[in-house]
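I have placed the structure first, in the form of structure tokens, so that the comments after it can refer back to it.
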Amino acid sequence: MCLAIPAKVVSVEKNTARVDFGEGVLREINVTLVDAKVGDYVLVHAGYAIQVLDEKEAQETIQLWNQILEVETRNGNDG
Amino acid sequence: MTQKLRFRDPDLAKRAASMIRRLAKGNTKMVKICHVCGTHEWTITHYGLRSFLPNNVEVIAGPGCPVCIVPASEIDEAVQLALNGAVVICFGDLLRVPGSKMSLLDAKAEGADVRVVYGVSDAVKMAWKEREKDFVFFAVGFETTSPSTAVEILNKPSRNISFLISHRMIPPAMKLLVEMKDLRLDGFIAPGHVSTIIGLKPYEIFPNQYHMPVVVAGFEPLDVLISIYMILKQLNKHEPSLENEYTRAVHDEGNPKARKIMEEAFETVDGRWRGLGNISSSKFNLKQEYEAYDAHMKHGVKVEGGVDSKQGCRCHLVVIGRIKPTECPLFMKDCTPQKPVGACMVSSEGTCKIWAKQPE
């Protein structure tokens, strides 16, 4: 039940936003809990945006994983 | 965004699994890592992540299903309200959770008006539309869900809707697990979406007081594998700490706006959890100034006690990860997703239901 799905904000009017869950699936959600702008990706849970996703952090996460795994692979015996 | 990024890269996953095996090598003691989120259990089971792990690393599912831990007494209250003529609105997962005698689905079969919604705002809209009816929203869920209930109440919905608040908090349940000496946990994978709201601070006590590693994790298979790796690394160094793997969604401070709204609407009280008993300061109640929206006050309903567990059902052991679903004698025999006996087989986030759909 704590499932939350990322969606892209298409329009915002007061506390309501239209978001795109991908492939054109649009839905109205409540954005009271976040400061979301058009173009942001938000995490949507039960009709509410609970957080704005950080695209830079997402890219850095992948880079970090690669770095960790490369370093560990070099140091490791069975990597 | 996520499609372009490689959150499910099989090559990275293989390398992460290899690193986990290397870190665990030579460890004579079994390492037991506990997660407390139904969505983490889904990721682990769906992607078969346990098969990547060496024999001396075990990941167990704690009480991460908010529907499964609602005590029978609270289901009984909702059933009573429905049978007395209120329209009871809930999330779909809750419909078949057994009460002492009946579930909400049983009440519906007896003619009660029980409706399922995607979110609390749908319930509020229904109440505005059908002013002649009396509505009760059964508000279940952890900190991910509670802010939405708080927003709707603070917005002063129409007076023909009230709320049966059953929201609970995860960190007090984690504390209870750590203090169960015979569970002997070595680390926590903390729930990513709960953490988007509460941030990192509530987990600080685990490394600081209990020397227990905590990694807040996302829900892609690689998020989970990397967080297991991070916990093993902490254990090997004997340096338990609190780390955030899910930085793309979880900020250190969480979502202060959401927490402020929750604090305005709710007060924290002790609460009973199905399978876990009473946990201090683990439940939200509506503050007195909003009692007009409190279903308990409005309808004078209060059920004490209640029968949480049917004979033979071992949900109370599954919910704390003490046994696997397959160790329950009823699993897939008398208790199936079609005819569930215990709450863990009902919800899509219940460990038994997940295992029933995706056998390991």
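Same order as they appear, the protein sequences are chains A and B. The first sequence: position 72 = 72 (our numbering), numbered continuously. If you count the second sequence from 1, you need to add 1000 to reach our numbering. Ideal Cβ positions, reconstructed from N, Cα and C, are used throughout, including at glycine.
Fill in: Sufficient close CB pairs (3 or more, under 8 Å) joining the stretch 46-61 of chain A to the stretch 1123-1132 of chain B
no
Discussion item. Based on DSSP bridge pairs, tell me the residues matched to Asp20(A).
Written reply: Lys8(A), Leu26(A)
Worksheet item: Residues of chain A with CB under 7 Å from Arg1121(B), in chain order?
Response: According to the sequence shown, residue 1121(B) is Ser rather than Arg. Going along chain A in sequence order, the residues near Ser1121(B) (Cβ under 7 Å) are Asn30, Gly47.
Worksheet item: With a cut-off of 8 Å, do at least 3 Cβ pairs link the stretch 1068-1082 of chain B to the stretch 1299-1311 of chain B?
Response: yes
Fill in: Selection of the stretch 1199-1216 of chain B by Cβ proximity to chain A, strictly under 9 Å
none
Worksheet item: Does DSSP classify Cys1065(B) as helix, strand or coil?
Response: coil
Practice prompt. Might you give, ordered along the chain, the residues of its own chain that have their beta carbon closer than 7 Å to the beta carbon of Ala1017(B), omitting 5 neighbours on each side?
Written response: Phe1052, Leu1225
Worksheet item: Is there at least one Cβ from chain B nearer than 7 Å to Glu57(A)'s Cβ?
Response: yes
Discussion item. Quick check on Leu53(A) - is its C-beta less than 7 Å from some C-beta in chain B?
Written reply: yes
Item to complete: Classify Glu72(A) as helix, strand or coil using the three-state DSSP reduction.
Response: helix
Worksheet item: CB-CB under 6 Å to Thr1002(B), same chain, minus the five flanking residues each way: which ones, in chain order?
Response: For Thr1002(B), the pLDDT reaches just 44, beneath the cut-off of 50, and the residue's location in the model is therefore unreliable, leaving the point undetermined.
Worksheet item: Does the stretch 1273-1286 of chain B come within contact of the stretch 1161-1173 of chain B, defined as at least 3 CB pairs closer than 8 Å?
Response: yes
Practice prompt. Tell me, to the nearest whole angstrom, how far the beta carbon of Lys1192(B) is from that of Val1216(B); I am working on the premise that it is less than 8 Å.
Written response: It is worth fixing the name first, because residue 1192(B) is Gly in this sequence and not Lys. Their Cβ separation, rounded to whole angstroms, is 6 Å, which keeps Gly1192(B) and Val1216(B) in contact under 8 Å.
Practice prompt. Compute the Euclidean distance between the alpha carbons of Lys1101(B) and Val1318(B), then round it to the nearest angstrom.
Written response: 22 Å
Discussion item. According to DSSP, is Lys1129(B) part of a helix, a strand, or is it coil?
Written reply: helix
Worksheet item: Is the CB-CB distance between Ala7(A) and Val44(A) below 7 Å?
Response: yes
Worksheet item: Which bits of chain E does Thr1196(B) rub up against, with CB to CB less than 9 Å?
Response: Given the protein chain composition of this structure (A and B), no chain E is represented.
Worksheet item: Nearest to Val1378(B) by CA position, among Gln1338(B), Gly1275(B), Asp1186(B), is which residue?
Response: It is not possible to answer for residue 1378(B), since the shown part of chain B is limited to 1001 through 1360.
Discussion item. Taking beta-carbon pairs under 7 Å, can you tell me which members of the stretch 1232-1248 of chain B lie near chain A?
Written reply: Thr1247, Arg1248
Item to complete: Inspect the beta-carbon positions of Ile1354(B) and Glu1041(B) and report whether they are closer than 7 Å.
Response: yes
Item to complete: Indicate the three-state DSSP secondary structure (helix, strand or coil) for Glu1349(B) in the structure shown.
Response: coil
Discussion item. Using DSSP's beta-bridge definition, name the partner residues of Lys1108(B).
Written reply: According to DSSP, Lys1108(B) bridges with nothing at all.
Practice prompt. Starting from Asn1244(B), follow the beta strand (DSSP E) in both directions and report where the run begins and ends.
Written response: 1242-1244
Worksheet item: Closer than 7 Å, CB to CB, is Thr61(A) near chain B or not?
Response: yes
Discussion item. For Leu1324(B) and Glu1289(B), I'd like the C-alpha separation in whole angstroms.
Written reply: It is worth fixing the name first, because residue 1324(B) is Lys in this sequence and not Leu. Their Cα atoms are separated by approximately 44 Å.
Practice prompt. Using a threshold of 7 Å, state whether the C-beta atoms of Ala1107(B) and Val1097(B) are closer than that.
Written response: no
Worksheet item: So what's Gln1080(B) in DSSP terms, helix, strand or just coil?
Response: helix
Discussion item. Taking 7 Å as the limit between beta carbons, can you name the residues of its chain near Pro1202(B), skipping five residues before and five after?
Written reply: Pro1171
Item to complete: Report the three-state DSSP secondary structure of Lys1032(B) (helix, strand or coil).
Response: strand
Practice prompt. Report all residues from its chain with a CB closer than 8 Å to the CB of Val38(A); omit the five preceding and five following residues, and keep chain order.
Written response: Val9, Val10, Ser11, Val12
Fill in: Counted within 10 angstroms of its Cβ, other Cβ atoms place Tyr1118(B) as buried (16 or more) or exposed
exposed
Worksheet item: Can you round the beta-carbon distance between Leu1164(B) and Ala1295(B) to whole angstroms, since I take them to be within the 8 Å contact cut?
Response: 4 Å
Worksheet entry | 8 Å contact criterion, which Cys1344(B) and Cys1068(B) should meet: CB distance rounded | 5 Å
Discussion item. For a test of the three-state rule: what should DSSP assign to Thr1268(B), helix, strand or coil?
Written reply: strand
Item to complete: Return the CA-CA distance between Gly1062(B) and Tyr1246(B), expressed in angstroms with no decimal places.
Response: 20 Å
Worksheet item: Nearest CA to the CA of Lys1371(B): which residue from Lys1283(B), Arg1274(B), Thr1326(B), Met1297(B)?
Response: Shown here, chain B extends from 1001 to 1360; a query on residue 1371(B) therefore has no answer.
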